[in-house]
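J.:
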Amino acid sequence: MRKHPLATGIIGGIVGTLLVAVAVWLTIVYTGAYNVAASDQHADAVRWTLDTAMHRSVARQAGAIEMPDEPSEELIAAGARHYAESCVHCHGAPGAEPAQWSRGMRPEPPRLTEAATEWTPEEIHWIVSNGIKMTGMPAFGPHHSPQEVAALTAFVGALPGLTGEDYAALTGSGESAGGAAHHEAE
Ligand code: HEC
-14 MRKHPLATGI IGGIVGTLLV AVAVWLTIVY TGAYNVAASD QHADAVRWTL DTAMHRSVAR
46 QAGAIEMPDE PSEELIAAGA RHYAESCVHC HGAPGAEPAQ WSRGMRPEPP RLTEAATEWT
106 PEEIHWIVSN GIKMTGMPAF GPHHSPQEVA ALTAFVGALP GLTGEDYAAL TGSGESAGGA
166 AHHEAE
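Note that the numbering used here numbers the sequence shown so that position 139 is 124, with each residue one more than the last.
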């Protein structure tokens, strides 16, 4: 069979482009050109890639989870106590600063009082259970019971509406978050 010269050219172009892309990728990986220092921000393209992959992946996988419509006060209160133990040092809470060391993470763990509004309860449940690769967000599912994960989810969902006093009352912590949060030194 005779090959059409245009088709051969197009295929050659595609293969050539792919080879160049692989060469650039391998060069970046092997030469150490990408700065992995957490003190340096991600390059915009890398941040966009990780962030978009994360949002799409969570949305896709969280669809299978069924959550109760209205979590009970007890569940939220139980979640607050787990949150003070396991989360506040990275994500802060109303009236409680995150630990200073967590500000050195890339990506920086977001304040969930705001960030939680972007996610559905199903998505929050999925994130808490499974964690997020390459961000430092741990998976709590493997070593927390389903009840604890459900309580944490209920509490994170309620976070945007809470005041500092609500948080202190729920965690019984007075002014500090169970000793887990460190106020900024400066
Ligand atoms: C060691 C620090 C650390 C701890 C502890 C931690 N997280 Fe995270 N968390 C992160 C980081 C980092 C991200 C990802 C931020 C990003 O990529 O935007 C994240 C993301 C999240 C998100 C998605 C928010 C968003 O918009 O990115 C939720 C919800 C969340 N964490 C809940 C929790 C809960 C609940 C706990 C406690 C059970 C917890 N996290 C403990 C570091 C932590």
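Every residue, glycine too, gets a C-beta built ideally from N, C-alpha and C.
Would you say Glu103 touches the ligand HEC, meaning its beta carbon is less than 7 Å from a heavy atom?
T.: Taking the first residue of the sequence shown as position 1, residue 103 is located at position 118. Yes, Cβ of Glu103 sits closer than 7 Å to a heavy atom of the ligand HEC.
J.: Taking its Cβ as the centre, do 16 or more other Cβ atoms sit within 10 Å of His40, making it buried, or is it exposed?
T.: Counted from its first residue, the sequence shown places residue 40 at position 55. Answer is exposed; the Cβ neighbour count stays below 16.
J.: Taking 8 Å as the cut-off, decide whether the C-beta atoms of Ile109 and Met122 are in contact.
T.: In the sequence shown, residue 109 corresponds to position 124, counting from 1. In the sequence shown, residue 122 corresponds to position 137, counting from 1. No, the Cβ-Cβ distance between Ile109 and Met122 is not below 8 Å.
J.: Whole angstroms are fine: how far does the CA of Val73 sit from the CA of Pro56?
T.: Numbered from its first residue, the sequence shown carries residue 56 at position 71. Numbered from its first residue, the sequence shown carries residue 73 at position 88. Their backbone Cα atoms lie some 21 Å apart in a straight line.
J.: Which residues bound the alpha helix (DSSP H) around Tyr68?
T.: Here the question's residue 68 lines up with position 83 in the sequence shown. From DSSP, the alpha helix (DSSP H) with Tyr68 extends over 58 to 71.
J.: For my contact list, Ala139 and Gly64 are in at a C-beta cut-off of 8 Å; report their separation, rounded to the angstrom.
T.: Taking the first residue of the sequence shown as position 1, residue 139 is located at position 154. Taking the first residue of the sequence shown as position 1, residue 64 is located at position 79. The Cβ separation is near 5 Å, so the contact holds.
J.: Inspect the beta-carbon positions of Ser158 and Val134 and report whether they are closer than 8 Å.
T.: Taking the sequence shown and counting its residues from 1, one reaches residue 158 at position 173. Taking the sequence shown and counting its residues from 1, one reaches residue 134 at position 149. The answer is no: Cβ separation not under 8 Å.
J.: If I'm right that Ala136 touches His67 with Cβ under 8 Å, what's the distance once you round it to whole angstroms?
T.: Residue numbering aside, residue 136 sits at position 151 when the sequence shown is read from its first letter. Residue numbering aside, residue 67 sits at position 82 when the sequence shown is read from its first letter. Right, their Cβ atoms sit about 6 Å apart.
J.: CA-CA distance, Arg32 and Gly89?
T.: To locate residue 32, count along the sequence shown from 1; it is residue 47. To locate residue 89, count along the sequence shown from 1; it is residue 104. In a straight line, the C-alpha of Arg32 is about 16 Å away from that of Gly89.
J.: Tell me the DSSP secondary structure of Ile50 in three-state form.
T.: Translated into positions along the sequence shown, residue 50 becomes position 65. It is coil, neither helix nor strand.
J.: I'd like to confirm the pairing. Which residues does DSSP put opposite Ala81 in its beta bridges?
T.: Start at 1 with the first residue of the sequence shown, and residue 81 comes out as number 96. Paired residues: Ala78.
J.: Since Met122 sits in a beta bridge, which residues does DSSP pair it with?
T.: Start at 1 with the first residue of the sequence shown, and residue 122 comes out as number 137. Per DSSP, Ile117.
J.: Taking only the alpha-carbon atoms, compute the straight-line gap between Gln132 and Val21 and give it to the nearest angstrom.
T.: Here residue 132 refers to the residue found at position 147 when the sequence shown is read from its first residue. Here residue 21 refers to the residue found at position 36 when the sequence shown is read from its first residue. In a straight line, the C-alpha of Gln132 is about 37 Å away from that of Val21.
J.: Are the CB atoms of Thr156 and Ala69 within a distance shorter than 8 Å?
T.: Position 84 of the sequence shown, counted from the first residue, corresponds to residue 69. Position 171 of the sequence shown, counted from the first residue, corresponds to residue 156. Yes, they are a contact pair.
J.: Reducing DSSP to helix, strand and coil, say where Tyr15 ends up.
T.: Residue mapping note: residue 15 aligns to position 30 of the sequence shown, counting from 1. Reduced to three states, the DSSP call for Tyr15 is helix.
J.: Below 8 Å on the Cβ atoms is my guess for Thr105 versus Ala47; work out the distance and round it to an integer in Å.
T.: The residue you call residue 105 lines up with position 120 of the sequence shown. The residue you call residue 47 lines up with position 62 of the sequence shown. The pair is a contact, with the Cβ atoms about 7 Å apart (cut-off 8 Å).
J.: Kindly give me the distance between the Cβ atoms of Gly142 and Ala101, rounded to whole angstroms, as I take these residues to be in contact under 8 Å.
T.: Within the sequence shown, numbered from 1, the residue matching residue 142 stands at position 157. Within the sequence shown, numbered from 1, the residue matching residue 101 stands at position 116. With a Cβ gap of about 7 Å, Gly142 and Ala101 count as contacting.
J.: What does the alpha-carbon distance come out to for the pair Arg96 and His(-11)?
T.: For the purposes of this step, residue 96 is taken as residue 111 along the sequence shown, with counting starting at 1. For the purposes of this step, residue -11 is taken as residue 4 along the sequence shown, with counting starting at 1. One C-alpha to the other measures close to 59 Å.
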